[in-house]
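According to this note's numbering, numbering within the sequence shown proceeds without interruption in unit steps and concludes at 566. Before any comments, here is the structure.
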Amino acid sequence: MAKHKVHEKQGKAESGAAAPAESRPVAANSLYLVVFLSGAALMGLEMAGARLVEPHFGSTIYVWGSIIGVFMLALSLGYWGGGRFSDRSPKIETLGFILLVAALLVMIIPPIAPYFCAWMNEFIGLDVRYRTLIACLILFALPSICMGMVSPFGIKLAARQTSYLGTVAGSLYAVSTLGSIVGTLLVSFVLVELIGTSAIVYGVGVVLAAVAVYCFFLGGGVFKKAGTALAIIGVGGGYLGAGTPLTQVHAGDKLLEVKESAYHYITIMDGRSQIYPYQLPARLMMFNNLIESGIILDPKTGDLPPPPAQTACGYVDLLHLGMVLTGQAPRDMLVLGCGGGVGPRMFKENYPDETKNIDVVDIDPWVFQLAEKYFKYPFTQDDVIQSHVLDARMYVEQAPPEKKWDYIIMDAYSSGGRIPKHLITQEFFRQIRDRLTDDGVMVINVISAFEKPAQGIDNSRLFRSVYKTIADIWQTDKNEGGGSIYVFPRNRSGQGENIIMLATKETMPRYSGREFERRYRAIKSKYLAHTDLDTVVQRQLVTRPETDDVPLLTDNFCPTDSMVHR
1 MAKHKVHEKQ
11 GKAESGAAAP
21 AESRPVAANS
31 LYLVVFLSGA
41 ALMGLEMAGA
51 RLVEPHFGST
61 IYVWGSIIGV
71 FMLALSLGYW
81 GGGRFSDRSP
91 KIETLGFILL
101 VAALLVMIIP
111 PIAPYFCAWM
121 NEFIGLDVRY
131 RTLIACLILF
141 ALPSICMGMV
151 SPFGIKLAAR
161 QTSYLGTVAG
171 SLYAVSTLGS
181 IVGTLLVSFV
191 LVELIGTSAI
201 VYGVGVVLAA
211 VAVYCFFLGG
221 GVFKKAGTAL
231 AIIGVGGGYL
241 GAGTPLTQVH
251 AGDKLLEVKE
261 SAYHYITIMD
271 GRSQIYPYQL
281 PARLMMFNNL
291 IESGIILDPK
301 TGDLPPPPAQ
311 TACGYVDLLH
321 LGMVLTGQAP
331 RDMLVLGCGG
341 GVGPRMFKEN
351 YPDETKNIDV
361 VDIDPWVFQL
371 AEKYFKYPFT
381 QDDVIQSHVL
391 DARMYVEQAP
401 PEKKWDYIIM
411 DAYSSGGRIP
421 KHLITQEFFR
431 QIRDRLTDDG
441 VMVINVISAF
451 EKPAQGIDNS
461 RLFRSVYKTI
471 ADIWQTDKNE
481 GGGSIYVFPR
491 NRSGQGENII
501 MLATKETMPR
511 YSGREFERRY
521 RAIKSKYLAH
531 TDLDTVVQRQ
541 LVTRPETDDV
551 PLLTDNFCPT
561 DSMVHR
């Protein structure tokens with residue numbers, strides 16, 4: 001019996017020697033606060049992270065797939081690692097250092113992300129899907145792993161003080177999830193337009209650093225001073241990169257304003273025109289990292305000249321091609337997508353006696369406000385141009401049943417994978433057709449490659465799918481009683497380019513390529529003298545493109561993310 005007791009004591013002594021050192025107990029409310037703020041920080045980083053990479057890789061399903069996949073992988077690794085670390089060092093101070101590492105990793109993201117993503121696009125020859133995934137892994141995986149370790153640590157620390165382990169685990173995960181909900185809604189509903197993405201990411205780092213310091217003070221000891229000092233240094237250093245723009249302005253350009261809206265990262269700058277002559281001074285509006293609109297400036301004053309406006313982006317001239325079919329200037333126009341408002345201004349100012357109404361629709365109020373401020377677009381009040389802040393499809397659906405337009409311009413498809421899918425489907429084109437007068441024309445600007453290559457990546461699928469979808473609605477295959485489609489690529493370069501498509505109802509005549517060119521020359525001097533469309537008219541597609549290998553775009557199936565030029 002005595003021998004047994006000796007062995008029991010030795011076993012306890014050996015077990016006690018092997019047990020990890022523990023810090024003083026932590027109150028449950030303190031742990032709830034830690035996991036709540038960590039959950040909010042994690043989802044705040046996830047929401048803002050997508051905004052960081054979208055200017056470089058597009059607003060596509062691939063961005064969100066990469067973001068969600070990387071964060072889920074990081075959480076899995078964090079749960080696993082957090083469990084092992086908490087068993088080895090069940091101290092609140094250890095959790096504090098993990099959170100401090102996460103904070104420092106988060107705060108270096110804003111200053112490096114724009115340059116890193118731009119470098120990926122320039123030098124890494126992978127498909128955009130894999131560039132996006134790699135970028136998200138490098139930028140977000142490590143801090144997310146650290147944040148994933150918080151909940152297992154919290155459970156370990158709380159379990160030392162209660163036998164109700166299931167209740168404790170469930171409560172901590174519930175509180176963490178509530179924090180994630182708050183972080184998601186706060187970033188998406190409030191902070192993006194209030195302070196911008198870079199500041200949000202920096203703020204996530206600050207929150208994590210503050211929670212880390214809180215953990216140090218809960219643990220006590222020497223960690224309070226050293227950890228707090230390191231956190232303060234990290235927050236101060238991170239502040240220097242908090243205002244880093246998401247896109248970079250080229251040397252020689254003058255940055256006028258940057259605004260991050262709920263829909264775009266908008267940059268206004270003075271640079272050079274994108275059409276011949278290329279060295280003319282121009283004011284440009286960029287959505288994310290791509291030029292969306294531009295207007296020629298007065299070379300002498302460097303300011304906006306008096307009307308009429310002159311575009312610095314050549315495709316806007318191509319939007320006038322529909323007049324060749326109607327033989328006159330538009331009377332009642334609908335323009336879906338505002339940009340800098342240069343197109344609506346050109347129609348109003350070049351045809352003041354004929355164009356009586358232009359309805360311009362854009363979902364982003366900041367686009368209208370910046371167009372008014374920097375491009376003299378008449379947003380607030382005008383006799384001809386009426387501005388509507390609304391989704392384009394909702395506007396068409398909600399317009400009075402009898403309302404029709406004789407000239408409808410679809411200019412809401414930006415390049416680089418920023419295509420509102422509900423504005424490019426069979427169902428929407430049917431609504432547009434119903435809103436078009438019998439003698440009217442629909443004008444669509446699609447950014448895509450034009451011709452199917454003999455081999456390699458086919459970037460013409462977007463154009464060919466849009467053509468197929470419009471042809472189905474307009475019934476252009478009918479020899480009689482069907483509508484007509486006319487296609488004008490800007491360059492026929494084989495790369496992504498502006499392709500203008502015109503569509504008319506069966507009530508309008510169908511013209512051959514030569515007839516179209518004759519009509520163009522007949523009205524050029526009267527209506528199109530301010531444009532240079534001779535070469536584009538000669539590039540007209542006179543045969544139907546191959547469409548058997550591309551889908552009909554519908555609300556149910558619209559895989560345009562895989563079709564954009566990349």
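The beta-carbon is built from N, C-alpha and C at its ideal position, and this holds for glycine as well.
Asked                                                                                                                                                                                         : Found
So, using beta-carbon positions, are Thr560 and Ile424 closer together than 8 Å?                                                                                                              : yes
Quick check on the DSSP output: what are the complete beta strand (DSSP E) runs of length 3 or more inside the segment 341-412, in order along the chain?                                     : 357-362, 385-389 and 405-410
For Gln10, collect the residues of the same chain with a Cβ closer than 7 Å to its Cβ; drop the 5 residues on either side in sequence, then sort them by chain order.                         : Per-residue confidence for Gln10 stands at a pLDDT of 42, beneath the threshold of 50, marking its modelled position as unreliable; the derived number appears in the next sentence. Excluding residues within five positions, none has a Cβ falling inside 7 Å.
Count the other CB atoms, across all protein chains shown, that sit within 10 Å of the CB of Ala529; report buried if there are 16 or more and exposed otherwise.                             : exposed
Three Cβ pairs or more, each shorter than 8 Å: is that satisfied between the segment 441-459 and the segment 489-499?                                                                         : yes
Less than 8 Å between the C-beta atoms of Ile470 and Phe429, yes or no?                                                                                                                       : yes
Taking the alpha helix (DSSP H) that Thr94 falls in, what are its first and last residues?                                                                                                    : Ile92 to Met107
Following the continuous beta strand (DSSP E) through Arg272, name the residue where it begins and the one where it ends.                                                                     : Tyr265 to Arg272
So, Thr504 versus Ser484, is the Cβ gap smaller than 8 Å?                                                                                                                                     : yes
Can you give the Cα-Cα distance for Asp87 and Ser151, rounded to whole angstroms?                                                                                                             : 13 Å
Go ahead and pull the three-state DSSP assignment for Phe287.                                                                                                                                 : strand
Going by C-alpha distance, which of Ala158, Thr132 and Phe516 is nearest Val34?                                                                                                               : Ala158
Residues in the same chain with beta-carbon distance under 8 Å from Ile67, minus the five sequence neighbours each way, listed in chain order, please.                                        : Glu46, Gly49, Ala50, Val53, Cys136 and Phe140
Enumerate, from N- to C-terminal direction, the unbroken alpha helix (DSSP H) stretches of 4 or more residues contained entirely within the segment 109-166.                                  : 109-123, 128-148 and 150-159
Distance check for Leu104 and Gly417, CA to CA, integer angstroms please.                                                                                                                     : In this prediction, Gly417 has a pLDDT of 49, which is less than 50 and means its spatial position is unreliable; what the coordinates show is noted afterwards. Computed Cα separation, rounded: 32 Å.
Check each candidate in Val201, Arg492, Tyr173 and Tyr527 and name the one with the smallest Cα separation from Glu354.                                                                       : Tyr527
Can you have a look at Gln398 and say buried or exposed, based on whether 16 or more other CB atoms are within 10 angstroms of its CB?                                                        : exposed
What separation, rounded to the nearest whole angstrom, lies between the Cα atoms of Arg131 and Tyr62?                                                                                        : 10 Å
Here's the rule I'm using: 16 or more other beta-carbon atoms within 10 Å means buried, otherwise exposed. How should Lys403 be labelled?                                                     : exposed
When burial is assigned at 16 or more other CB atoms within 10 Å of the CB, is Gly179 buried or exposed?                                                                                      : buried
What residue from Gly341, Ser171 and Ile200 has the CA that sits closest to Leu185's CA?                                                                                                      : Ile200
For the beta strand (DSSP E) holding Thr437, just list the boundary residues, first then last.                                                                                                : Leu436 to Ser448
Can you grab the Cα-Cα spacing for the pair Ile409 / Gly339, in whole Å?                                                                                                                      : 13 Å
Please go through the same chain and pick out, in chain order, the residues whose beta-carbon is closer than 6 Å to the beta-carbon of Ser144, but skip the five residues on each side of it. : Phe71 and Ala74
By DSSP, does Ile419 sit in helix, in strand, or in coil?                                                                                                                                     : coil
Less than 8 Å between the C-beta atoms of Asp332 and Lys356, yes or no?                                                                                                                       : yes
Taking Val258 as part of the beta strand (DSSP E), name the residues at either end of that continuous run.                                                                                    : Lys254 to Glu260
Out of Leu31, Val192, Tyr315 and Phe85, which one is the CA nearest neighbour of Val175?                                                                                                      : Leu31
What number of angstroms, rounded off, separates the C-alpha of Asp406 from the C-alpha of Thr267?                                                                                            : 33 Å
Whose C-alpha, out of Ala262, Leu325 and Asp411, is nearest the C-alpha of Gly343?                                                                                                            : Asp411
Would Gly341 and Ala312 be called neighbours here (beta carbons separated by less than 8 Å)?                                                                                                  : no
By a C-beta neighbour count over all protein chains shown, 10 Å radius and 16 as the cutoff for buried, is Ser525 buried or exposed?                                                          : exposed
Is the number of C-beta pairs between the segment 530-544 and the segment 315-333 that are closer than 8 Å three or more?                                                                     : yes
Identify whether Gly483 lies in helix, strand or coil by the three-state DSSP scheme.                                                                                                         : coil
Return the first residue and the last residue of the alpha helix (DSSP H) that Glu193 is part of.                                                                                             : Val192 to Ile195
Give me the DSSP bridge partner(s) of Val335.                                                                                                                                                 : Val360 and Ile409
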